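Student: First the structure, which I've put down as structure tokens, then a few questions once you've had a look.
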């Protein structure tokens, strides 16, 4: 059976994005992924300043899969009550109309839904969140998504209650982006699950395994970051000097371990035990071949192909069964670590990421459908 994106009955997520797991990519790297997405269950989230223009180019080039634009305004400034959308509110006002409406209509010319440009929401910034919700609700457009880029400090019990109270009152679609130092930790995973339990159907963007875990726990849609910078959201900070140099090889997804490693590191660790990969990109070639940056496009194709397989698998499962499936999938990956470390006998070996262990150890979820009647 061919997988199709599906969301819980009564989902608030816009129909064009509901139930999908997108790849979130920096807009300058869109060309690496545009032909890699399964249009039936996925799509692209183009990210950063310039993403809107790139979305227009992709559509002109014939890209037909689902598309979102995240201009990442939360990386530039914090939201406040007077300026919940600081990139718009701190600039010159248009002669006519609401600047937010103008911007959202510009998104909708190319994207399947419009992500509101909310600033970063520091823990406890309730009035800023309320102001953003009021402004988006005033538009009355179900295709406009209230973007909620929250610091993980909101996961403290009292603040989480305030957050869920505001989001629970908001009548339209919303999307969560969790920033700060907690998202990939056990506390961060537990906080995200509690938030989704209280605010079902919210999207989960700019994350890693949380994209699948979020969808399994009732999220309306999600986005997996294609590289490390797209799997986390840092708070706004002064511009830094660009770092010199960079990695000597691309990041490569090891499917059995559900984790990324530098291609050269992976090849050295695996040694004679390097496995063949049978994803659509690799077609039986070995996983240790991505050893220089000359292989970065091919590595991106491998990573995307593996992720598309996972996305098709989760989308083929009934909504109520996804939580158990995901927990078991993570447990199986954890069990592979001692097996592989025993095979390679390498001094450093493979260490499972805390995020993987956190999803594997979560209690079995209640059926998502029961929360919605």
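Residue numbers (the numbering used here): 1 to 373. Note that CB positions come from ideal geometry on N, CA and C, so glycine has one too. Owing to the predicted nature of the structure, the values given are computational and were not obtained by experimental measurement.
#1: Do residue 58 and residue 22 have their beta-carbon atoms positioned less than 8 Å apart in this structure?
#2: Run through the segment 197 to 223 for me and flag every whole beta strand (DSSP E) of 3 or more residues, listed as ranges in chain order.
#3: Leaving out the 5 sequence neighbours to the left and right, which residues in its chain are closer than 6 Å to residue 277 when beta-carbon positions are compared?
#4: How is residue 374 classed by DSSP in three states: helix, strand or coil?
#5: In terms of residues, what are the limits of the beta strand (DSSP E) holding residue 21?
#6: Per DSSP, what are the beta-bridge partners of residue 276 in this structure?
#7: Residue range of the alpha helix (DSSP H) that residue 112 falls in?
#8: Determine the direct distance from the alpha carbon of residue 157 to that of residue 31, and round the result to whole angstroms.
#9: What is the rounded straight-line gap between the Cα of residue 147 and the Cα of residue 222?
#10: Return helix, strand or coil for residue 229, following the three-state DSSP convention.
#11: For residue 231, count the other beta carbons within 10 Å of its own beta carbon; 16 or more makes it buried, fewer makes it exposed. Which is it?
#12: By the DSSP assignment, the alpha helix (DSSP H) with residue 354 in it spans what residues?
#13: Determine contact between the segment 323 to 338 and the segment 298 to 308, defined as no fewer than three beta-carbon pairs at a distance below 8 Å.
#14: For the candidate residues 83, 308, 105, 261, whose alpha-carbon lies nearest to that of residue 290?
#15: Using a Cβ-Cβ cut-off of 6 Å (strictly less than) and excluding sequence neighbours within five positions of residue 104, which residues of its own chain qualify?
#16: Can you tell me where the beta strand (DSSP E) holding residue 47 begins and where it ends?
#17: Counting C-beta neighbours from all protein chains within 10 Å, is the total for residue 161 16 or more, i.e. buried, or is it exposed?
#18: Is it true that the CB of residue 353 sits closer than 8 Å to the CB of residue 337?
#19: Exposed or buried, which one is residue 238 when buried takes at least 16 other CB atoms within 10 Å?
#20: Where in the segment 140 to 169 do unbroken runs of the alpha helix (DSSP H), each at least 4 residues long, occur, reported from the N-terminal end onward?
#21: Does residue 269 pass the burial test, meaning 16 or more other C-beta atoms within 10 Å, or should it be called exposed?
#22: Can you say whether residue 292 is buried or exposed, counting buried as having 16 or more other CB atoms within 10 angstroms of its CB?
#23: Which stretch, first to last residue, makes up the beta strand (DSSP E) that contains residue 176?
#24: Residue 82 bridges to which residues according to DSSP?
#25: Taking the Cβ atom as the reference point for each residue, do residue 100 and residue 17 lie within a distance shorter than 8 Å?
#26: The alpha helix (DSSP H) that contains residue 335, what's its start and end?
#27: What does the alpha-carbon distance come out to for the pair residue 122 and residue 179?
#28: DSSP on residue 18, reduced to helix/strand/coil?
#29: In angstroms with no decimal places, state the Cα-to-Cα distance between residue 153 and residue 284.
#30: Just how far apart, CA to CA, sit residue 219 and residue 305?
#31: Would you list the residues sitting across from residue 53 in a DSSP beta bridge?
#32: To the nearest angstrom, how far is the alpha carbon of residue 362 from that of residue 26?
#33: Would DSSP call residue 297 helix, strand or coil?
#34: Short of 7 Å in beta carbon distance, which residues of its chain neighbour residue 341, apart from the five on each side in sequence? Order them along the chain.
Tutor: On the basis of the supplied data:
#1: Position 22 of the chain shown, counting from 1, holds the residue named residue 22. Position 58 of the chain shown, counting from 1, holds the residue named residue 58. Result no, Cβ atoms of residue 22 and residue 58 do not sit closer than 8 Å.
#2: 203 to 207
#3: Indexing the chain shown from 1 puts residue 277 at position 277. If we look at residue 277 and ignore the five residues flanking it on each side, its Cβ neighbours are 287.
#4: Residue 374 lies beyond the stretch modelled for the chain, which goes from 1 to 373, so this question has no answer here.
#5: Counting from 1 along the chain shown, the entry for residue 21 is found at position 21. Unbroken beta strand (DSSP E) run through residue 21: 21 to 26.
#6: In the chain shown, the residue the question calls residue 276 occupies position 276. For residue 276, which the question treats as bridged, DSSP gives the partners 286.
#7: Position 112 of the chain shown holds residue 112. No alpha helix (DSSP H) contains residue 112, which DSSP labels as neither H nor E.
#8: As a working mapping, residue 31 is identified with position 31 in the chain shown. As a working mapping, residue 157 is identified with position 157 in the chain shown. Cα to Cα, residue 31 sits roughly 42 Å from residue 157.
#9: To locate residue 147, count along the chain shown from 1; it is residue 147. To locate residue 222, count along the chain shown from 1; it is residue 222. When rounded, the distance between both Cα atoms is 13 Å.
#10: On the chain shown, residue 229 is found 229 positions in, with the first residue counted as 1. Here residue 229 sits in helix by DSSP.
#11: Counting from 1 along the chain shown, the entry for residue 231 is found at position 231. Result: buried.
#12: Walking along the chain shown from the start, residue 354 turns up at place 354. Start and end: 354 to 361.
#13: no
#14: As a first step, residue 290 must be located in the chain shown, where it is residue number 290. Of 83, 308, 105, 261, the residue nearest in Cα terms is 261.
#15: On the chain shown, position 104 is the one that residue 104 refers to. Here the set comprises 114, 144.
#16: Here residue 47 is taken as the residue at index 47 of the chain shown, counted from 1. From DSSP, the beta strand (DSSP E) with residue 47 extends over 43 to 47.
#17: The residue you call residue 161 lines up with position 161 of the chain shown. Under this definition residue 161 is an exposed residue.
#18: In the chain shown, residue 337 corresponds to position 337, counting from 1. In the chain shown, residue 353 corresponds to position 353, counting from 1. Their beta carbons are not under 8 Å apart, which means residue 337 does not touch residue 353 by this criterion.
#19: For the purposes of this step, residue 238 is identified with residue 238 of the chain shown, where counting begins at 1. Exposed is the call here.
#20: 157 to 169
#21: By one-based count along the chain shown, residue 269 stands at place 269. When all chains shown are included, residue 269 counts as buried.
#22: Locating residue 292 in the chain shown gives position 292, where the first residue counts as 1. With fewer than 16 other Cβ atoms within 10 Å, it is exposed.
#23: Translated into the one-based positions of the chain shown, residue 176 becomes position 176. That run of the beta strand (DSSP E) goes 174 to 179.
#24: Indexing the chain shown from 1 puts residue 82 at position 82. Paired residue(s): none; residue 82 is not in a bridge.
#25: Position 100 of the chain shown, counted from the start, is the residue given in the question as residue 100. Position 17 of the chain shown, counted from the start, is the residue given in the question as residue 17. Contact: no.
#26: Numbered from 1 along the chain shown, position 335 holds the residue referred to as residue 335. 322 to 344 is the span of the alpha helix (DSSP H), which, as asked, contains residue 335.
#27: For the purposes of this step, residue 122 is taken as residue 122 along the chain shown, with counting starting at 1. For the purposes of this step, residue 179 is taken as residue 179 along the chain shown, with counting starting at 1. Taking the straight line from one Cα to the other gives about 9 Å.
#28: Locating residue 18 in the chain shown gives position 18, where the first residue counts as 1. In this structure, residue 18 counts as coil in the three-state DSSP scheme.
#29: Here residue 153 refers to the residue found at position 153 of the chain shown. Here residue 284 refers to the residue found at position 284 of the chain shown. Their backbone Cα atoms lie some 44 Å apart in a straight line.
#30: Sequence index remark: in the chain shown, residue 219 carries index 219 (1-based). Sequence index remark: in the chain shown, residue 305 carries index 305 (1-based). Their backbone Cα atoms lie some 23 Å apart in a straight line.
#31: For the purposes of this step, residue 53 is taken as the residue at position 53 of the chain shown. According to DSSP, residue 53 bridges with nothing at all.
#32: To locate residue 362, count along the chain shown from 1; it is residue 362. To locate residue 26, count along the chain shown from 1; it is residue 26. Distance between the alpha carbons of residue 362 and residue 26 is about 31 Å.
#33: Stepping through the chain shown from its first residue, residue 297 is reached at position 297. Residue 297: helix per DSSP, three-state reduction.
#34: Indexing the chain shown from 1 puts residue 341 at position 341. Closer than 7 Å at Cβ, skipping near neighbours: 349, 350.
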